[in-house]
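Asks: Before we start, here is the structure in question, set down as structure tokens.
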Amino acid sequence: MKTTKTIFQDGSHKWVAIVRDPQKPHHLIDTNEYLVTHGGRGLLLDPGGAEIFPAVFSALATEFDPSALAGIFASHQDPDICSSLALWLEFNPQMHCYVSWLWSSFIPHFGGTVETFVQIPDPGLNIALEGLLLQAVPAHYLHSSGNFNLYDKTAKLLFSGDVGAALLPAGEEALFVEDFDRHIRHAEAFHRRWMGSNDAKRRWCERISQLEIDMLCPQHGAIYQGADVQRFINWFDELQVGIVGL
Amino acid sequence: MTHFLTMSEPPPQTGADLLRIVRINEEIKRVVGVSLKINIMALNAIFLAKRAGTAARGFAVLSNEFRNFSQDLRSSMAVLTGVVYGCVNEVSVMLQDLRFTRLLQEAGRQAPQAALAGILERREEKSAGHRENLAKLRGQLKRAFEEAFQMVELGGVLAKSAKIEAAYGQGFALPLAQVSGEFDQIVEEIRASLEALRRSAFFSGN
Ligand SMILES: [Fe+2]
Ligand SMILES: [Fe+2]
Chain A
567 MKTTKTIFQD
577 GSHKWVAIVR
587 DPQKPHHLID
597 TNEYLVTHGG
607 RGLLLDPGGA
617 EIFPAVFSAL
627 ATEFDPSALA
637 GIFASHQDPD
647 ICSSLALWLE
657 FNPQMHCYVS
667 WLWSSFIPHF
677 GGTVETFVQI
687 PDPGLNIALE
697 GLLLQAVPAH
707 YLHSSGNFNL
717 YDKTAKLLFS
727 GDVGAALLPA
737 GEEALFVEDF
747 DRHIRHAEAF
757 HRRWMGSNDA
767 KRRWCERISQ
777 LEIDMLCPQH
787 GAIYQGADVQ
797 RFINWFDELQ
807 VGIVGL
Chain B
-19 MTHFLTMSEP
-9 PPQTGADLLR
1 IVRINEEIKR
11 VVGVSLKINI
21 MALNAIFLAK
31 RAGTAARGFA
41 VLSNEFRNFS
51 QDLRSSMAVL
61 TGVVYGCVNE
71 VSVMLQDLRF
81 TRLLQEAGRQ
91 APQAALAGIL
101 ERREEKSAGH
111 RENLAKLRGQ
121 LKRAFEEAFQ
131 MVELGGVLAK
141 SAKIEAAYGQ
151 GFALPLAQVS
161 GEFDQIVEEI
171 RASLEALRRS
181 AFFSGN
């Protein structure tokens, strides 16, 4: 089973990271799922692949009533993001899935009906969770061509999807980045290869720098907090991406 | 870089059913191919009988029956293809169901939830429905094969009669005998295909 870690709390407003499963088979990439709760309802960010559904579900259930999930936010279309969709919908068929308009006819291959999907237009969308305003912030081409981060202005948390992802070796799997220089080595190859556009990256860095962020939470690897957030943005801004080392 | 394709281990029951259906479908395609050949052979036989004149009148009638046989066989195979398509649908749904049920059961094992039990119960009802549909289709397929088999029996009788008729073909007796021999051979070919289909583990379930 995965473990849960509350990374922000103010009354019923919570961010819970669902992370690290010692039983996960190695051939599946490790992912972080995040649950945002407010006023008794929840939004699950990048719920993960079908094969890890039992681990995510059971971890989530220890913290939160799964039937109180109001929706799923899918940063993009990858199988590690939301191939579990049909299983979550089984539990709560009324649930909505927020996803880029670009993928709104692709993701239904994972499950859901026409009522399930809320298309996010390219400039982004405000999502209200029981009075809490969450913003889908564009991060197109990083790496997916229709890609969004989710910003919580109140909590000052940014869910950054694959941006900031690191493939951590065994023994260096702490939830928070402890030593930026040491950590970023595990992120470099990923960003060079997965991120396709230097131009899109520059725009993302400019856009994100304007937000107040205490924690930058990626879908793989460790969470950047405090000064490491800006450190990451600066590092990413400098990095040349879209490179295949042939 | 080259990736070499290799055959993997045979899949378990439902997956194995999909493989069996694929084999059935291949055999159906073979029968359709053969029946098209019969059509051409029958046409040639009709022309040959025409040339042989009155002595081969009976042979001409039989050749025409062979054309009808080929057409009936193809119609029968078209029906079978439809049923096979239905089987593929059911088995695919069942395969996906199996996976999802496994994952939901695993979730329930790790985090017992009353709601999950209800979901699993509803899934089981649906699965039972699919199993029932598949059993029905299996029965339909089996019956359709038996009908095709009877049709082939008739084809066999036609071929035997053509052999006898050929003997009355006077100057054309030899080529007519050759054609009737070919008829006989091709009917046996179809019989062998249908025998193989009849024995498919898809029907016996092992
Ligand atoms: Fe991705
Ligand atoms: Fe990812």
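As they're listed, the protein sequences go chains A and B. Here the working numbering runs 566 ahead of the position in the first sequence, where the first position is 1. FYI, the working numbering numbers position 141 of the second sequence as 121, with every residue one higher than the one before it. Using N, Cα and C, we set each Cβ at its ideal position, and we do this for glycine too.
Counting along the chain, where does the alpha helix (DSSP H) carrying residue 68 of chain B start and finish?
Replies: First-last of the alpha helix (DSSP H) with residue 68 of chain B: 37 to 90.
Asks: What is the DSSP secondary structure of residue 212 of chain B, counted as helix, strand or coil?
Replies: Any question about residue 212 of chain B goes unanswered here, given that chain B covers just -19 to 186.
Asks: Contact check, residue 95 of chain B vs residue 657 of chain A under 8 Å by CB: the rounded distance?
Replies: The Cβ separation is near 7 Å, so the contact holds.
Asks: Along the chain, where does the beta strand (DSSP E) containing residue 576 of chain A start, and where does it finish?
Replies: Note, residue 576 of chain A: beta strand (DSSP E), 569 to 576.
Asks: Do residue 587 of chain A and residue 615 of chain A come within 8 Å of each other at the CB atom, strictly closer than that value?
Replies: For residue 615 of chain A and residue 587 of chain A, no; Cβs fall outside 8 Å.
Asks: Flag residue 84 of chain B as yes if its beta-carbon sits less than 8 Å from any beta-carbon of chain A, otherwise no.
Replies: Chain A contact via Cβ: present.
Asks: Got a sec, what are the start and stop residues for the beta strand (DSSP E) residue 793 of chain A sits in?
Replies: Looking at the DSSP string, residue 793 of chain A is not in any beta strand (DSSP E); the run it does join, the alpha helix (DSSP H), is 793 to 804.
Asks: How long is the line joining the alpha carbons of residue 149 of chain B and residue 46 of chain B, rounded to whole angstroms?
Replies: Their backbone Cα atoms lie some 18 Å apart in a straight line.
Asks: Answer yes or no: does any C-beta atom of chain A fall closer than 8 Å to that of residue 108 of chain B?
Replies: No, no contact with chain A.
Asks: Within the structure, which residues are defined as neighbours of ligand 1 by a Cβ-heavy atom distance below 5 Å, reported in chain order?
Replies: So the residues near ligand 1 by this Cβ test are A/644, A/728.
Asks: Judging by CA-CA distance, which residue of B/11, B/119, B/37 is the nearest neighbour of residue 58 of chain B?
Replies: Measuring from the Cα of residue 58 of chain B, the nearest candidate turns out to be B/11.
Asks: Would you grab the beta carbon distance between residue 156 of chain B and residue 36 of chain B for me? Rounded to a whole angstrom, and I think it's under 8 Å.
Replies: Rounded, the Cβ-Cβ distance is 6 Å, consistent with contact.
Asks: Please go through the same chain and pick out, in chain order, the residues whose beta-carbon is closer than 6 Å to the beta-carbon of residue 662 of chain A, but skip the five residues on each side of it.
Replies: Hits under 6 Å: 637, 684.
Asks: Using the Cα positions of residue -10 of chain B and residue 42 of chain B, report the straight-line distance between them to the nearest angstrom.
Replies: With a pLDDT of only 45 at residue -10 of chain B, under 50, the local geometry of the prediction cannot be trusted, and the value read off the model is given with reservation. One C-alpha to the other measures close to 46 Å.
Asks: On the DSSP letters alone, give me the boundaries of the alpha helix (DSSP H) that residue 176 of chain B sits inside.
Replies: 153 to 178 is the span of the alpha helix (DSSP H), which, as asked, contains residue 176 of chain B.
Asks: Over what stretch of residues does the alpha helix (DSSP H) that includes residue 139 of chain B continue unbroken?
Replies: 94 to 147 is the span of the alpha helix (DSSP H), which, as asked, contains residue 139 of chain B.
Asks: Among A/621, A/699, A/727, A/650, which residue has its Cα nearest to the Cα of residue 92 of chain B?
Replies: Looking at the Cα atoms, A/621 is the closest of the given residues.
Asks: Return yes when at least one heavy atom of ligand 2 lies under 7 Å from the C-beta of residue 779 of chain A, else no.
Replies: Residue 779 of chain A Cβ: outside cutoff for every heavy atom of ligand 2.
Asks: Using Cβ-Cβ distances below 7 Å, what residues of the segment 90 to 106 of chain B are close to chain A?
Replies: For the segment 90 to 106 of chain B, which is checked against every Cβ of chain A, the residues closer than 7 Å are 90, 91, 93, 95, 99.
Asks: Find the residues of chain B that neighbour residue 627 of chain A, judging by a C-beta separation of less than 7 Å, and give them in chain order.
Replies: In chain order: 91, 93.
Asks: Classify residue 644 of chain A as buried or exposed, calling it buried when 16 or more other Cβ atoms lie within 10 Å of its own Cβ.
Replies: So residue 644 of chain A counts as buried.
Asks: Starting from the beta carbon of residue 620 of chain A, find every residue of chain B whose beta carbon is closer than 7 Å, and list them in chain order.
Replies: Under the 7 Å cutoff, chain B gives 83, 86, 87, 90.
Asks: Residue 27 of chain B CB to nearest chain A CB: under 8 Å?
Replies: Not one chain A Cβ lies under 8 Å of residue 27 of chain B.
Asks: If I'm right that residue 733 of chain A touches residue 788 of chain A with Cβ under 8 Å, what's the distance once you round it to whole angstroms?
Replies: Residue 733 of chain A to residue 788 of chain A, Cβ: 11 Å. No contact.
Asks: Residue 80 of chain B touches chain A at which residues, Cβ-Cβ below 8 Å?
Replies: By Cβ distance, chain A contributes 616, 652, 653, 656.
Asks: Does DSSP classify residue 579 of chain A as helix, strand or coil?
Replies: Looking at residue 579 of chain A - three-state DSSP - the assignment turns out to be strand.
Asks: Per DSSP, what kind of secondary structure is residue 603 of chain A in: helix, strand or coil?
Replies: If DSSP states are grouped into helix, strand and coil, residue 603 of chain A belongs with the strands.
Asks: Using a Cβ-Cβ cutoff of less than 7 Å, which residues in the same chain neighbour residue 633 of chain A once the five nearest sequence positions on both sides are dropped?
Replies: Here the set comprises 657, 658.
Asks: Using only the alpha-carbon positions, how far apart do residue 701 of chain A and residue 695 of chain A sit?
Replies: Cα to Cα, residue 701 of chain A sits roughly 11 Å from residue 695 of chain A.
Asks: With a threshold of 16 other CB atoms inside 10 Å of the CB of residue 754 of chain A, please say whether the residue is buried or exposed.
Replies: Answer is exposed; the Cβ neighbour count stays below 16.
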